[in-house]
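Reading through the structure tokens given below for one structure.
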Amino acid sequence: MRLVANEPVERMERPYARRWWALLVLCLSLLIIVMANTALTVAAPDMTADLGLSSADLQWVIDGYTVPYAALMLLLGAIGDKYSRRGALVLGLLVFAGGAVGGWLADSSTQVIAARAVMGVGAALIMPATLSLLAATFPRAERAKAITLWTATAGLAIAAGPLVAGALLEHHGWSSTFLINVPVAAVALVGAFVLVPPSRAGHHDRIDYVGGLLSVVWIGSLVYMIIEGPHFGWGAKAVTAAVVAGVGLVAFVLWELRHPHPVLDVRRFADRRFAGSNLAVALFFLAVFGAFYYLTQHLQFVLGYDAFDTGLRMLPLAGAVFAGSALTGYLTPRVGMKWTVTAGMVGGTVALALLTRVDAGSSYGDFLAPLIVLGLAIGLALSPCTDAIMGAFPESELGVGGAVNDTSLELGGSLGIAILGSLLGTSYSDHLGNAARGADLPAGTLATAQDSVGAGYAVAEGVGHKAQQLAAQAAQATDPRQAAELKGQAQHLAGAARQMTDAVASSFSDAVAHTSLVGAVILGAGTLLVALLLPRKARQEGTTGASQGPDTARGADQGNAAQDEDRQDGTAPGEQVGERPGKQSGKQSGTARLG
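Under full-length UniProt numbering, the letters of the sequence shown match residues 1 to 595, in that order.
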């Protein structure tokens with residue numbers, strides 16, 4: 001057995017023997033790039049205190065990762081297809097680890113934001129490479145199962161990020177949440193050479209760099225607008241980004257329609273299955289990332305759990321994702337993806353609807369059922385959508401297929417945090433203004449408390465601390481009149497602190513309930529639209545390759561299905577395409593579109 005896997009998967013006559021070990025490496029690579037975001041939500045308070053971050057600084061520490069990650073995936077996925085998918089994975093892991101080291105060494109907000117941006121570039125290389133290598137390595141008969149495990153890993157990472165960060169923060173500083181990525185990336189890097197076979201498109205035309213650059217412009221501007229507008233107001237920056245995103249999108253579509261070999265054939269979105277799958281991924285992660293954003297805050301600030309305990313209490317979500325993934329692996333081949341995806345989206349809507357019952361008296365038990373239902377929904381819906389999106393692309397464009405799936409995911413997540421996060425902040429501020437009206441707080445403190453739930457508790461704590469100081473002065477005062485006056489002021493401030501604490505808890509709980517209702521309405525409406533878009537199972541199986549149009553569909557059949565058959569029956573890839581179209585067509589119509 002060779003130490004380094006150096007036989008290209010395209011030349012193998014049979015399925016790669018160590019493909020399940022290779023999947024472990026791909027899932028490990030996926031794990032760290034998803035955890036890079038979820039872990040930061042737990043480390044943010046310590047980072048803010050240590051570096052003196054403003055709310056704008058903190059927002060860009062989080063989103064400095066998202067902009068290059070979303071913007072670059074499509075172009076980098078196409079480059080990986082042409083030159084080397086494993087090379088893209090390896091380079092991405094190196095860049096990601098380098099950014100993590102930079103974050104560990106950073107001592108200012110600018111340095112942390114720069115390090116996060118570098119990690120985002122690495123993630124943009126890694127994410128589409130994991131899916132394209134998965135699709136290239138696994139025969140079609142096993143691909144849906146492999147994608148199910150890939151999706152379950154993403155669900156695990158969402159819950160594992162806070163747990164790992166919380167464990168590190170108990171004994172180390174926030175910078176350790178960056179450094180932990182380095183050994184994991186090193187293990188994945190070694191595994192990539194030892195277990196993942198090299199792969200690239202057998203036939204790939206010159207890369208459409210103009211289309212790729214236009215995609216970078218419009219997606220990057222769109223994500224920037226999504227971040228800037230809701231959080232910092234619709235000033236010149238947000239409006240300019242919106243205009244650039246709109247013009248860039250129109251230019252991208254027109255260019256791709258005219259180009260003979262586009263980086264992304266936008267005609268695929270005319271196919272209901274492809275369009276419905278992308279919409280489902282975007283809407284689902286809008287709900288998941290938005291809900292995760294405020295659930296972790298509620299567990300930490302309102303219920304008082306520390307970082308580690310917060311991560312521990314998110315684990316039922318991960319377990320439910322695995323259960324839902326196992327269920328969709330059984331159901332999808334039998335009833336079709338239309339029903340499993342719709343059922344998953346209905347489950348996500350129900351989970352958000354359950355969160356509308358949250359109030360100031362809610363305990364962790366009130367969050368357990370929504371977490372489990374949401375995890376089951378993720379497992380049910382997402383892997384069939386990913387399988388459908390990847391199945392719409394020929395072998396030469398698997399990296400682009402992975403990038404399209406991941407861009408839908410990232411855009412949905414960015415929208416979820418922007419829309420639901422902005423709504424949460426507005427609702428919390430309005431509720432707190434009403435709840436704390438009679439607290440008789442010092443001038444300016446209420447406005448500070450309305451900035452965020454963390455700021456609200458900090459204000460309450462500060463007022464309480466002032467009350468303790470006055471009480472101590474009263475105890476030491478020799479003049480009875482002065483002592484009584486100081487004691488009265490201390491009691492008044494202590495009462496205001498208690499009222500403020502209760503007001504912050506009730507206001508944030510009400511904001512969670514209100515935001516969850518809006519999220520449920522958005523996801524519910526999206527569920528109806530996706531259900532209308534996705535075709536029935538019979539049509540899916542009878543119209544293989546519809547999403548590509550007649551010419552590209554034929555290329556996909558020959559590039560994907562024929563290659564998979566070649567590796568299963570021992571025939572060389574070149575012989576299959578030209579010499580046995582009858583067998584290829586029969587097998588494709590029977591199995592290629594079950595997922």
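Don't be surprised by glycine CBs; every beta carbon is placed ideally from N, CA and C.
Nothing here was measured: the structure is a model prediction, and the numbers come from that model.
| request: Please list the segments of the alpha helix (DSSP H) lying wholly inside the stretch 321-403, counting only runs of 4 or more residues, in order along the chain. | output: 337-354, 365-391
| query | Do three or more CB pairs link the stretch 360-369 to the stretch 130-144 at distances below 8 Å? | reply | no
| Is it true that the CB of Ala-287 sits closer than 7 Å to the CB of Gly-519? | yes
| Taking just the CA atoms, how far does Val-263 sit from Glu-170? | Their backbone Cα atoms lie some 46 Å apart in a straight line.
| Range covered by the alpha helix (DSSP H) that runs through Glu-170 | Where Glu-170 is concerned, there is no enclosing alpha helix (DSSP H), given that its DSSP letter is neither H nor E.
| By Cβ distance below 8 Å, which residues in the same chain neighbour Gly-570 in space, the five residues on each side in sequence not counted? | With a pLDDT of 39 at Gly-570, under the threshold of 50, the modelled position of that residue is not reliable, and the figure given next carries that caveat. Result list for Gly-570: Glu-13, Arg-14, in chain order.
| query | Starting from His-465 and walking both ways along the alpha helix (DSSP H), at which residues does that stretch end? | reply | 453-476
| task | Kindly give me the distance between the Cβ atoms of Thr-527 and Thr-349, rounded to whole angstroms, as I take these residues to be in contact under 8 Å. | result | 6 Å
| task | Using a threshold of 7 Å, state whether the C-beta atoms of Leu-380 and Ala-282 are closer than that. | result | no
| In chain order, what residues of the same chain lie with their CB nearer than 8 Å to the CB of Val-61, ignoring the 5 residues before and after it? | Leu-40, Ala-44, Met-47, Leu-53, Ser-109, Val-112, Ile-113, Arg-116
| Is Trp-21 near Leu-156, with beta carbons less than 7 Å apart? | no
| request: Could you spell out where the alpha helix (DSSP H) holding Tyr-294 opens and where it closes? | output: Per DSSP, Tyr-294 belongs to the alpha helix (DSSP H) from 272-297.
| Continuous alpha helix (DSSP H) stretch holding Ser-176: start and end | 176-179
| Same chain, Cβ closer than 6 Å to Phe-289, five either side skipped, listed in chain order | Gly-413, Gly-416, Ile-417, listed in sequence order.
| Counted within 10 angstroms of its Cβ, other Cβ atoms place Trp-150 as buried (16 or more) or exposed | buried
| request: Would you mind sorting Arg-143 into buried or exposed? The rule is 16 or more other CB atoms within 10 Å of its CB. | output: buried
| said: Rounded to whole angstroms, what is the Cα-Cα separation between Ala-455 and Leu-214? | reply: If I take the Cα positions, the gap works out to 40 Å.
| Residues in its own chain within less than 8 Å of Pro-162 by CB, not counting five upstream and five downstream? | Thr-38, Ala-39, Thr-41, Val-42, Thr-296, Ala-307, Thr-310, Gly-311, Met-314, listed in sequence order.
| said: Against chain B, with Cβ distances strictly below 7 Å, would Ser-516 count as a contact? | reply: In the structure shown, chain B does not exist; there is a single protein chain.
| Of all the options Ala-188, Lys-145, Arg-2, which has the alpha carbon lying nearest to the alpha carbon of Leu-94? | Ala-188
| query | Which residues in the same chain have their Cβ closer than 6 Å to the Cβ of Leu-179, if we skip the five residues on either side of it in sequence? | reply | Trp-104
| field | Buried versus exposed call for Pro-183 [16 or more other C-beta atoms within 10 Å across all chains shown] | value | exposed
| query | Are the beta-carbon atoms of Thr-501 and Ala-458 separated by less than 7 Å? | reply | No, the pair does not count as a contact, with Cβ atoms beyond the cut-off.
| query | Per DSSP, what kind of secondary structure is Ser-408 in: helix, strand or coil? | reply | helix
| query | Taking C-beta to C-beta, are Arg-85 and Ala-154 nearer than 7 Å? | reply | Contact: no.
| said: Quick check on DSSP: helix, strand or coil for Val-4? | reply: Val-4 falls in the coil class under three-state DSSP.
| Between Gly-191 and Leu-28, which are expected to be in contact by the criterion C-beta below 8 Å, what is the C-beta distance as a whole number of angstroms? | 7 Å
| Taking the alpha-carbon positions, what's the Leu-24 to Val-504 distance? | 44 Å
| request: Give the C-beta separation of Asp-406 and Met-127 to the nearest angstrom, bearing in mind that I take them to be a contact with Cβ-Cβ under 8 Å. | output: 5 Å
| said: Give me, in chain order, the residues of the same chain whose beta-carbon lies closer than 6 Å to that of Leu-222; leave out the 5 immediate sequence neighbours on both sides. | reply: Ala-245
| said: Quick check: what's the CA-CA separation for Phe-269 versus Ala-275? | reply: Between the C-alpha atoms of Phe-269 and Ala-275 there is a straight-line separation of about 5 Å.
| field | Identity of the residue in Ala-369, Leu-168, Thr-177, Ala-141 nearest Ala-106 by Cα | value | Thr-177
| task | Give a yes or no on whether the C-beta atoms belonging to Phe-301 and Val-453 are separated by under 7 Å. | result | yes
| message | Please classify Gly-304 as buried or exposed, where buried requires at least 16 neighbouring CB atoms within 10 angstroms. | response | So Gly-304 counts as exposed.
| request: Compute the Euclidean distance between the alpha carbons of Met-119 and Tyr-65, then round it to the nearest angstrom. | output: 6 Å
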